[in-house]
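Novice: Just so we're aligned: 1545 in our numbering is position 70 of the sequence shown, and the numbers increase by one with no gaps anywhere. Please find one structure pasted underneath; my questions will follow.
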Amino acid sequence: MEVKDINGNVLTVGMAVRYTGTGTTGEISAIKVEDGEGWVRLEDSDLWYNTGYLEVVDKSELRRAVRKGGRGDTIDRIRKMKEDFEDVDMGSEVCDGGG
């Protein structure tokens, strides 16, 4: 069975697509059919998307989205949050009761 996007385009591994619900873009890393519906997994998020809500986009749109907030940016933000939490003083003298 061929798996198609919302516009009837046949989907293959390596194509760039956009999930119309959120605007998430990515490159297809896997395709499967389950219960008669097509599903594709996007490479960066490793999440499965129903092909009825996907549309093929130009790879230039994919690159623009990756530059805007790719995996490296997410890892950097998480490291920063971890460092911020490590600096918080959770000693017993930090908060006193109001009584």
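Backbone N, C-alpha and C define an ideal beta-carbon position, used for all residues, glycine too. Remember, it's a predicted structure, so these values are computed and weren't measured experimentally.
1) In the DSSP assignment, what are the bridge partners of G1489?
2) My understanding is that V1485 touches V1532, with C-beta atoms under 8 Å, so please give their C-beta distance in whole angstroms.
3) Can you tell me where the beta strand (DSSP E) with G1501 in it begins and where it stops?
4) Exposed or buried, what is D1480 when buried is set at 16 or more other beta-carbons lying within 10 Å of its beta-carbon?
5) Out of T1497, S1504, G1496 and E1512, which has the shortest C-alpha to C-alpha gap to V1478?
6) Which residues in the same chain have their Cβ closer than 7 Å to the Cβ of Y1494, if we skip the five residues on either side of it in sequence?
7) Exposed or buried, which one is L1522 when buried takes at least 16 other CB atoms within 10 Å?
8) What do you get for T1500, buried or exposed, if any count of 16 or more other CB atoms within 10 angstroms of its CB means buried?
Specialist: The short version:
1) DSSP lists no partner for G1489.
2) Actually they are not in contact, since the Cβ atoms of V1485 and V1532 sit about 15 Å apart, beyond 8 Å.
3) T1500 to E1509
4) buried
5) If we check each option's Cα against that of V1478, E1512 comes out closest.
6) Excluding its 5 nearest sequence neighbours in each direction, Y1494 has C-beta neighbours in its own chain below 7 Å: Y1524, Y1528 and L1529, listed in chain order.
7) It counts as exposed.
8) buried
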